[in-house]
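K.L.:
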Amino acid sequence: VYRAGQFFTYFAAEALRNLGASADSVRSGVDVLIEREPLGVVAIISPWNFPIATASWKIAPALAFGNAVVWKPASVTPASAWTLTEIISRQAIPKGLFNLVMGSGSTIGRELAANADIQGLSFTGSGAVGSGIAALAAARFVKLQLEMGSKNPFVVMDDADLDRAADLAVNGAFGGTGQKCTASSRLIVHRPIHDTFVEKLLAKT
Numbered sequence: 314v315y316r317a318g319q320f321f322t323y324f325a326a327e328a329l330r331n332l333g334a335s336a337d338s339v340r341s342g343v344d345v346l347i348e349r350e351p352l353g354v355v356a357i358i359s360p361w362n363f364p365i366a367t368a369s370w371k372i373a374p375a376l377a378f379g380n381a382v383v384w385k386p387a388s389v390t391p392a393s394a395w396t397l398t399e400i401i402s403r404q405a406i407p408k409g410l411f412n413l414v415m416g417s418g419s420t421i422g423r424e425l426a427a428n429a430d431i432q433g434l435s436f437t438g439s440g441a442v443g444s445g446i447a448a449l450a451a452a453r454f455v456k457l458q459l460e461m462g463s464k465n466p467f468v469v470m471d472d473a474d475l476d477r478a479a480d481l482a483v484n485g486a487f488g489g490t491g492q493k494c495t496a497s498s499r500l501i502v503h504r505p506i507h508d509t510f511v512e513k514l515l516a517k518t
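Each position in the sequence shown, counted from 1, maps to that position plus 313 in our numbering.
1) Assuming K456 is part of the beta strand (DSSP E), what are its boundary residues?
2) With DSSP collapsed to three states, give me the class of S402.
3) May I have the straight-line CA-CA distance separating L449 from L413, to the nearest angstrom?
4) With DSSP run on the structure shown, which of helix, strand or coil describes N484?
5) By Cβ distance, which residues of its chain are closer than 7 Å to G438, with the 5 residues on each side in sequence left out?
6) Distance check for P407 and A447, CA to CA, integer angstroms please.
7) Express the C-alpha separation of A334 and G342 in angstroms, rounding to a whole number.
8) For L459, collect the residues of the same chain with a Cβ closer than 7 Å to its Cβ; drop the 5 residues on either side in sequence, then sort them by chain order.
9) Between which residues of its own chain and K517 is the CB-CB distance below 6 Å, once the five residues before and five after are set aside?
10) From what residue to what residue does the alpha helix (DSSP H) around P466 run?
11) When the Cα of V389 is compared with those of I365, G353, S402, which residue comes out closest?
12) Hey, out of Y323, W395, D344, whose CA is closest to K385's CA?
13) What would DSSP say about V354, mapped onto helix, strand or coil?
14) Starting from T367, follow the alpha helix (DSSP H) in both directions and report where the run begins and ends.
15) Output needed for A451: all residues of its chain with C-beta closer than 8 Å, excluding positions within five of it in sequence on either side, in chain order.
16) Using DSSP's beta-bridge definition, name the partner residues of F411.
17) Can you tell me which residues form a DSSP beta bridge with G438?
18) For I501 and A441, what's the separation of their Cα atoms in angstroms?
19) Rounded to whole angstroms, what's the CA-CA distance from T398 to H507? Just pull it up for me.
20) Taking the alpha helix (DSSP H) that A426 belongs to, which residues open and close that run?
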């Protein structure tokens, strides 16, 4: 929750800092000004793990840079989504600029990806669902950002501090009960230290 607040604070300041930039032109006497413009309506589909933090690092920049947002949270985390929406609704933003839509991802997610009023879409979730959303969004050439299931390797070199490596491996694999895409779900260990490392790992689990 604290981290979510940090995202909103950070991007509120970024909106003031990123007003534009100048660039050199190949033509003499010509000045080039680069300005960023909002996309329009942005759809955000967020997962059940880190339900407020993940959503906030998508919602905050979208709002800060002038977009309207339609947020579809995971259906298993409605209370946190409702609370964050209530907090956002108390801010000095136009009515309808931020919108919460709850329900099945297979129904609402597909509608958001296919809807002609959505100009940008950010999705975090499984590879299977993400690929379906990507296909629908790509058909409309919508700006798309995907964060899908991952398998993060934890590599232990043969010159590593094995006690520290075992501690970090356990924390990486089981921190947050392992229910995060950044969990160390694979261990890659150099052969000469394999058996010793496994013994230390087992002792810590």
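All C-beta atoms, glycine included, are put in the ideal place defined by N, C-alpha and C. It should be emphasised that the depicted structure is a prediction, and the values quoted were computed from it without experimental measurement.
P.N.:
Reading it off the structure:
1) 456-461
2) helix
3) 21 Å
4) helix
5) I358, P360, M461
6) 30 Å
7) 17 Å
8) F436, G443, A447
9) A479, V483
10) Taken as a continuous stretch (DSSP letters only), P466 belongs to no alpha helix (DSSP H), being part of the beta strand (DSSP E) at 465-469.
11) I365
12) W395
13) strand
14) 366-377
15) L457
16) V382
17) M461
18) 26 Å
19) 49 Å
20) 423-427
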